[in-house]
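Counted the way the numbering used here counts, the sequence shown spans residues 40 to 151. C-beta atoms are modelled at their ideal positions from N, C-alpha and C, and glycine is treated no differently. Please read these numbers as outputs of a predicted model, since none were measured by experiment.
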Amino acid sequence: MKILITGTSQGIGKAIAELFLANQHTVIGIDRRQASIVDASYTHIVADICDIDSLPAIDDVEVLVNNAGTQNESDIDTNLKALIKVTERYGIQPSIHSILNIGSASGHTGAE
40 MKILITGTSQ
50 GIGKAIAELF
60 LANQHTVIGI
70 DRRQASIVDA
80 SYTHIVADIC
90 DIDSLPAIDD
100 VEVLVNNAGT
110 QNESDIDTNL
120 KALIKVTERY
130 GIQPSIHSIL
140 NIGSASGHTG
150 AE
């Protein structure tokens, strides 16, 4: 399968990407930081998902994992608006099977 994951340079996004790669899937990661995964089946795109016009066209995505998130003054832009824009751009394809949106507890409890 062709998997697109946002926020793959560290943490949960990186672990999800590595799991899909270990199961022989093709993974495309989008992150503001440089790649931290080295695998022939992995393609990394350095981009800010808040700037939807900077994101490339990616066809035949079968699984979209909206994982990128932040906890600072741009919370709403990254954690909500960009998630919606990324889903509109990549999640409405005939090939799509699943969309997974990942959030943190601060979405329910708020940040300090």
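Query                                                                                                                  : Result
In DSSP terms, what Thr82 is bridged to                                                                                : Ile67
8 Å Cβ cutoff met for Ala96 and Thr45                                                                                  : no
Delimiting residues of the beta strand (DSSP E) encompassing Val100                                                    : Note, Val100: premise wrong, no beta strand (DSSP E); not H, not E.
Uninterrupted alpha helix (DSSP H) stretches inside the stretch 104-129 (no shorter than 4 residues)                   : 122-129
For Glu112 and Leu60, the rounded distance between their alpha carbons                                                 : 33 Å
Residue-chain proximity (Gln110, chain D), Cβ-Cβ < 8 Å                                                                 : The chain labelled as chain D is not found in the depicted structure, where only one protein chain is given.
Residue burial classification, Asp90 (beta-carbon count within 10 angstroms, cutoff 16)                                : exposed
Residue span of the beta strand (DSSP E) that contains Ile44, given as start and end                                   : Lys41 to Thr45
Whole-angstrom C-beta distance between Arg71 and Leu94, which should lie under 8 Å                                     : About 12 Å separates the two Cβ atoms, so there is no contact after all.
From Val85, Thr109 and Val102, residue whose alpha carbon lies closest to that of Leu142                               : Inspection of the sequence shows that residue 142 is occupied by Gly rather than by Leu. Closest option to Gly142, Cα to Cα, is Thr109.
Residues of its chain near His83, where Cβ-Cβ distance is below 6 Å and the 5 sequence neighbours each way are ignored : Gly68 and Ala74
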